[in-house]
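Position 158, counted from 1, in the sequence shown is what the UniProt record's numbering calls 158; the numbers after and before it change by one each time, with no gaps. The beta carbon of each residue, even a glycine, is placed where N, CA and C say it ideally should be. Predicted, not measured: the structure shown is a model, and the values here were computed from it. Notes for the one structure printed next.
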Amino acid sequence: MGKVAEIKQENIICAALDIFSDKGLDQASMEAISKKAEVSKRTLYKYYPTKESLFEVIVERLVSNVTVISSIPFNPDLSIQDQLTHIAQKEVELLCSPCFMAVARVVMSECIRSKELAALMVEKFQPLDGCHGLSQWIQDGIAAGKLEVAHPEIASEQFIASLKATIFWPQIMAHMPAPSPEIQQATIESAVKQFTAAYVVR
């Protein structure tokens, strides 16, 4: 792909994300996206035949460009607290990303509006949630004799939820600014403390 084409596609994606965040996918138009991106509609349709296909590309790009905790393996030679803190930091870094937040708002609204589109978006968005990767990490910790957890899926959901309660939901529901580094750190420390108190083998 040539440099000019790459720049045009970047402009289109940035413009589309702004339009989707402001109008929602249902009210967004390809004409508005082309105007904001400063490209012709012919150029826009050349790369993206529909606004749904464009939104799908945005979600896929977000998925491919962030570090998700599913890539963090359990290490029996490191302390549970240190590993879990690292996992939580990666999750909080993602949750505080403006791009992630913008896409998350649109995905949530589309889940309410369209059952069919919701199924597609949730499938693509799910790897960013963190629970699946943490559940595997917990299972590996159990196998190593370091953790005692009856229900890894529930434990992972509870851990991620304890982070989202302060880091994610106030931003996405009330459009609050991202919490300060001090609040982020306090939230991580609290979540890690609760988890280790409940599940670490003494």
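Helix, strand or coil for residue 200? Go by DSSP, reduced to three states.
Of the three classes helix, strand and coil, the one that applies to residue 200 here is strand, per DSSP.
Whose C-alpha, out of 89, 148, 114 and 194, is nearest the C-alpha of residue 182?
When each option's Cα is compared against that of residue 182, the closest is 89.
So is residue 98 in contact with chain D if we call contact Cβ pairs under 8 angstroms?
As a matter of chain content, chain D is missing from the structure shown, which is built from one protein chain.
Quick check: the Cα distance between residue 146 and residue 80, rounded to an integer number of angstroms?
Each residue's alpha carbon lies about 8 angstroms from the other.
Specify the secondary structure class of residue 120 as computed by DSSP and reduced to three states.
Residue 120 falls in the helix class under three-state DSSP.
At which residues does the alpha helix (DSSP H) containing residue 146 begin and terminate?
Following the DSSP letters along the chain, one finds residue 146 in no alpha helix (DSSP H), marked with neither H nor E.
Can you give me the C-alpha to C-alpha distance between residue 23 and residue 175, rounded to a whole angstrom?
Whole-angstrom Cα-Cα distance: 15 angstroms.
Collapsed DSSP secondary structure at residue 45 in the structure displayed:
It is helical.
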